[in-house]
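Peer 1: Quick one: this structure, given as structure tokens, is what I'll be asking you about.
This is the structure in structure tokens:
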């Protein structure tokens with residue numbers, strides 16, 4: 001892989017990972033539009049690490065509080081500081097981990113079809129629009145409870161289907177649960193940390209077990225590119241959230257589905 005290709009793929013992954021526009025749909029489309037070979041597991045690991053570091057750094061104060069308060073709540077056997085929210089993030093991560101382990105092969109083969117990606121891209125665009133218009137309320141992070149964690153966690157599990165968008169599905173579910181836009185988005189970002197960590201560890205294990213050679217130049221360049229674009233995407237997404245809402249992403253998803261249909265069908 002050429003370094004400029006690693007930069008472009010890192011940028012695409014960094015932008016699409018946290019915006020509700022489906023990173024899988026873009027990564028399916030990129031090789032077709034460019035004629036490039038598959039980037040490989042090593043590169044996938046690098047961009048996952050880049051996006052993971054971006055979300056941890058951007059929300060470092062929140063992440064530190066959720067982690068430390070969560071640990072302190074165990075011996076105390078009661079909520080400490082922001083420990084409740086921290087445990088809700090953990091609970092919300094469980095469904096995707098379970099479904100990922102049970103259905104990973106099926107997801108990576110049968111469901112990684114163009115018609116599936118086009119369908120989910122459209123369906124979840126509509127659901128996001130409905131949730132943003134009629135579902136959202138005024139609930140904030142402190143109000144998130146077990147029911148919210150389970151529902152949003154199940155949405156994250158559904159997002160394992162290519163084209164759905166992890167952030168899109170979880171934000172949509174949060175809005176339907178009456179969370180405000182910023183709360184639904186932040187909870188989605190917090191949920192990205194454990195699930196992205198798990199994905200990175202799985203890819204690392206795959207590289208180790210299969211003895212896959214890693215292009216370290218591409219690894220570093222792709223990881224840095226995904227880190228910079230991911231942290232930028234998070235910042236501007238939250239900055240413009242109340243001004244523009246979810247409609248720009250709804251429209252983009254519909255346009256993306258049309259492009260995928262035109263290119264593949």
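Residue numbers (my numbering): 1 to 265. Where is the CB? At the ideal position from N, CA and C, for every residue including glycine. Keep in mind that this is a model prediction, so the values were computed, not measured.
1) Using 10 angstroms around the beta-carbon of residue 263, count the other beta-carbons present and answer buried if the total reaches 16, otherwise exposed.
2) Any idea which residues DSSP pairs residue 139 with across the strands?
3) Thinking residue 96 and residue 193 are a contact (beta carbons under 8 Å), I'd like their distance in whole angstroms, please.
4) Tell me whether residue 17 is buried or exposed, calling it buried when 16 or more other Cβ atoms sit within 10 Å of its Cβ.
5) Evaluate the contact criterion for the region 149-160 versus the region 83-101: three or more CB pairs, one atom per stretch, below 8 Å.
6) Leaving aside the five residues before and after residue 169 along the sequence, list all residues of the same chain whose C-beta is less than 7 Å from its C-beta, in chain order.
7) Can you check whether the CB of residue 22 is closer than 9 Å to the CB of residue 185?
8) Could you give the DSSP three-state label for residue 191: helix, strand or coil?
9) Exposed or buried, what is residue 140 when buried is set at 16 or more other beta-carbons lying within 10 Å of its beta-carbon?
10) Short check: CB of residue 227 to CB of residue 54, under 9 Å?
11) Of all the options 222, 246, 70, 143, which has the alpha carbon lying nearest to the alpha carbon of residue 45?
12) So, helix, strand or coil for residue 166, using DSSP?
13) Please go through the same chain and pick out, in chain order, the residues whose beta-carbon is closer than 7 Å to the beta-carbon of residue 207, but skip the five residues on each side of it.
14) How is residue 243 classed by DSSP in three states: helix, strand or coil?
15) For the candidate residues 162, 129, 150, 147, whose alpha-carbon lies nearest to that of residue 113?
16) How many angstroms separate the CA atom of residue 33 from the CA atom of residue 142?
Peer 2: Concretely, from the data shown:
1) exposed
2) 179
3) The Cβ separation is near 13 Å, so there is no contact.
4) buried
5) yes
6) 124, 155, 156, 158, 159
7) no
8) helix
9) exposed
10) yes
11) 222
12) helix
13) 41, 42, 45, 214
14) helix
15) 162
16) 44 Å
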